[in-house]
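The structure under discussion appears below in the form of structure tokens.
Chains as they are written, first to last, in my numbering: chain A, 269 to 454; chain B, 784 to 872.
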């Protein structure tokens with residue numbers, strides 16, 4: 269008995285033109301969600317799921333990248349032959365393979381470069397945030413120091429006022445006013 | 784790094800990438816990452832080479848003969864394609 273194809277292979281086994289049409293529906297203008305695409309396919313008699321669609325999308329991207337690189341390689345080979353710097357079949361094979369692979373590697377390098385730039389930008393943001401934090405901390409410490417100095421000064425005034433009142437035999441209304449004034453500033 | 788529990792899926796994905804290559808040229812090590820990334824895999828060079836050698840041992844991939852100082856490259860064999868078909872990969 270033949271095993272039925274796994275759901276992810278259903279779209280993959282469709283003709284290339286149909287796969288192109290699905291891609292266009294999904295990512296063309298307007299874009300459609302996976303659920304909308306699954307429904308659209310179901311209306312067309314193709315039973316699939318969002319998971320299977322994701323699986324196919326990745327395969328489609330890989331095949332398209334390879335096809336694009338093949339087109340670019342073919343153009344380069346045609347040029348090489350026309351300009352006379354590719355003379356033999358062996359040269360053609362070696363140069364084509366090298367170029368075909370280099371295109372993929374370059375794309376990876378570009379991604380890595382972009383990633384590195386993003387990391388650098390984030391690092392700079394972090395350094396700036398840390399600098400601002402340090403600045404705020406210094407300002408806060410300065411304010412705290414000023415406050416502590418003020419408290420110490422007021423304490424000193426209160427103590428002086430109390431000592432003075434003791435020597436005069438009690439708190440006069442002026443001394444009390446001085447103490448209250450100093451206490452307000454704490 | 785590929786976790787051990789994902790190794791089978793990774794191996795199948797390496798084979799899928801090779802299966803997607805309908806061109807006459809083999810895939811060199813440097814070309815794999817951009818395709819494997821699409822499937823969410825970010826292997827080290829050693830992990831990738833190890834899987835390719837494993838698949839070669841199983842007869843599912845092969846290294847076409849080098850020409851004019853070209854580097855190592857891999858292509859899928861008929862047995863590899865059959866495996867993909869049989870497993871609907």
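Don't be surprised by glycine CBs; every beta carbon is placed ideally from N, CA and C.
What is the DSSP secondary structure of residue i, counted as helix, strand or coil?
{"i": "residue 353/A", "result": "coil"}
{"i": "residue 290/A", "result": "helix"}
{"i": "residue 363/A", "result": "helix"}
{"i": "residue 849/B", "result": "coil"}
{"i": "residue 859/B", "result": "strand"}
{"i": "residue 396/A", "result": "helix"}
{"i": "residue 448/A", "result": "helix"}
{"i": "residue 282/A", "result": "coil"}
{"i": "residue 270/A", "result": "For residue 270/A, the predicted structure reports a pLDDT of 45, less than 50, and the residue's modelled location is therefore unreliable. A value from the coordinates is still provided. Here residue 270/A sits in coil by DSSP."}
{"i": "residue 810/B", "result": "strand"}
Taking only beta-carbon atoms, is residue i less than 9 Å away from chain B?
{"i": "residue 370/A", "result": "yes"}
{"i": "residue 373/A", "result": "yes"}
{"i": "residue 302/A", "result": "no"}
{"i": "residue 398/A", "result": "no"}
{"i": "residue 331/A", "result": "yes"}
{"i": "residue 326/A", "result": "yes"}
{"i": "residue 287/A", "result": "no"}
{"i": "residue 362/A", "result": "yes"}
{"i": "residue 395/A", "result": "no"}
{"i": "residue 270/A", "result": "Residue placement at residue 270/A is flagged as unreliable, the pLDDT there being 45, under the threshold of 50; the coordinate-derived value follows with that caveat. No, residue 270/A does not count as interfacial toward chain B."}
{"i": "residue 350/A", "result": "no"}
{"i": "residue 358/A", "result": "yes"}
{"i": "residue 414/A", "result": "no"}
{"i": "residue 365/A", "result": "yes"}
In whole angstroms, what separates the C-alpha of residue i from that of residue j?
{"i": "residue 860/B", "j": "residue 301/A", "result": "37 Å"}
{"i": "residue 426/A", "j": "residue 442/A", "result": "12 Å"}
{"i": "residue 292/A", "j": "residue 368/A", "result": "26 Å"}
{"i": "residue 218/A", "j": "residue 279/A", "result": "Past the boundaries of the shown model lies residue 218/A; chain A is included only from 269 to 454, so the question cannot be answered."}
{"i": "residue 855/B", "j": "residue 832/B", "result": "10 Å"}
{"i": "residue 447/A", "j": "residue 431/A", "result": "11 Å"}
{"i": "residue 800/B", "j": "residue 396/A", "result": "43 Å"}
{"i": "residue 289/A", "j": "residue 814/B", "result": "28 Å"}
{"i": "residue 834/B", "j": "residue 845/B", "result": "12 Å"}
{"i": "residue 812/B", "j": "residue 858/B", "result": "11 Å"}
{"i": "residue 796/B", "j": "residue 348/A", "result": "34 Å"}
{"i": "residue 354/A", "j": "residue 361/A", "result": "10 Å"}
{"i": "residue 270/A", "j": "residue 346/A", "result": "Below a pLDDT of 50, predicted positions are generally treated as unreliable, and residue 270/A, at 45, falls in that range; no measurement from the model is reported."}
{"i": "residue 351/A", "j": "residue 374/A", "result": "25 Å"}
{"i": "residue 357/A", "j": "residue 809/B", "result": "16 Å"}
{"i": "residue 867/B", "j": "residue 324/A", "result": "14 Å"}
{"i": "residue 817/B", "j": "residue 311/A", "result": "35 Å"}
{"i": "residue 843/B", "j": "residue 330/A", "result": "20 Å"}
Is the CB of residue i under 9 Å away from at least one CB in chain A?
{"i": "residue 797/B", "result": "no"}
{"i": "residue 920/B", "result": "Residue 920/B falls outside the range modelled here, since chain B spans only 784 to 872, and no answer is possible."}
{"i": "residue 791/B", "result": "no"}
{"i": "residue 803/B", "result": "yes"}
{"i": "residue 959/B", "result": "Not covered by the structure: residue 959/B. The range shown for chain B is 784 to 872."}
{"i": "residue 872/B", "result": "yes"}
Any heavy atom of the ligand NAD closer than 8 Å to the beta-carbon of residue i?
{"i": "residue 825/B", "result": "Summarising the ligand content, the structure contains no ligands, and the ligand NAD is consequently not present."}
message = Give me the subset of the segment 813-824 of chain B whose CB atoms are less than 7 Å from a CB atom of chain A, sorted by chain position.
response = Listed by position, the residues of the segment 813-824 of chain B near chain A (Cβ gap below 7 Å) are 813, 814, 816, 817, 818, 821 and 822.
ask   = Between the segment 824-857 of chain B and chain A, which residues of the former have CB atoms less than 7 Å from a CB of the latter, in chain order?
value = With the criterion set as a beta carbon lying under 7 Å from some beta carbon of chain A, the members of the segment 824-857 of chain B are 850, 851, 853 and 856, in sequence order.
Three-pair Cβ contact test at 8 Å for the segment 295-312 of chain A versus the segment 340-360 of chain A = No, the segment 295-312 of chain A does not touch the segment 340-360 of chain A.
request  = Would you list, in chain order, the members of the segment 333-346 of chain A that have their beta-carbon closer than 9 Å to a beta-carbon of chain B?
outcome  = The residues in question are 333, 334, 335, 337, 338 and 341.
query = Is it a yes or a no for the segment 319-335 of chain A touching the segment 797-810 of chain B, going by three-plus beta-carbon pairs under 8 Å?
reply = At 8 Å Cβ cutoff, the stretches touch.
Sufficient close CB pairs (3 or more, under 8 Å) joining the segment 357-372 of chain A to the segment 839-853 of chain B = Yes, they touch.
message = Would you call the segment 790-801 of chain B in contact with the segment 818-826 of chain B, where contact means no fewer than 3 C-beta pairs closer than 8 Å?
response = Flag = yes, the segment 790-801 of chain B and the segment 818-826 of chain B touch.
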